[in-house]
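Structure first, commentary second.
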Amino acid sequence: MAASSVSSNLSDEQLSDEKIEQLSRKFDTSDDGYIESGELKMALQESENNHGDAETYDMIKKIDKDQDGLVSLEEFQYVMELRSESFIGGDYCPSFVP
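Each residue of the sequence shown is one higher than the one before, starting from 12 at the first, in this note's numbering.
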C-alpha cells in the first residue's frame, strides 16, 4: 500500500502511536528506522506532490531535531502529533501528514 493511501485512511483526530509507526514504515522503505530524503521524495511523488531535491531537503531539515539528516520515528511522531492537533500549516510538510 502506498504511503498516500495509508495517510488518506487516517482521521484528523489524535493519531495513535501504532498508526504513526505504521505510517512511518510506509515512508521508511529501507526499513532502517529513519526516513531519508530519497524515501521522502519517493513518497511525495506517489502522492502526486512532486518536490525537488532542495524542497525535500528543507522538509527534512524542519523536522530533523537532532540534525542528523534523517527523520527518526520520534521526530516523525512529533510532527504527526502536531498535525493532529492542527498546529502545522500546509506548507510545513504537506505530504508528510494526512
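Cβ coordinates follow ideal geometry from the N, Cα and C atoms, glycine included.
- Spanning the alpha carbons of Val-82 and Gly-44 requires a straight line of approximately 9 Å.
- Here DSSP, grouped into helix, strand and coil, assigns Ser-58 to coil.
- DSSP, reduced to helix, strand and coil, places Ser-83 within a strand of the structure shown.
- An exposed status is given to Ala-65, since fewer than 16 other beta-carbon atoms sit within 10 Å of its beta-carbon.
- Of the residues Lys-73, Gln-88, Gly-63, the one whose Cα lies closest to the Cα of Ser-35 is Gln-88.
- For Glu-86, the CB contacts under 8 Å within the same chain, skipping 5 residues up- and downstream, are Ile-74, Asp-75, Lys-76, Asp-77 in chain order.
- Our two residues, Met-53 and Met-70, have alpha carbons roughly 14 Å apart in a direct line.
- Per the DSSP secondary-structure output, Ile-46 pairs in a beta bridge with Val-82.
- Counting C-beta atoms within 10 angstroms of its own C-beta, Glu-50 has 16 or more neighbours from the protein chains shown and is therefore classed as buried.
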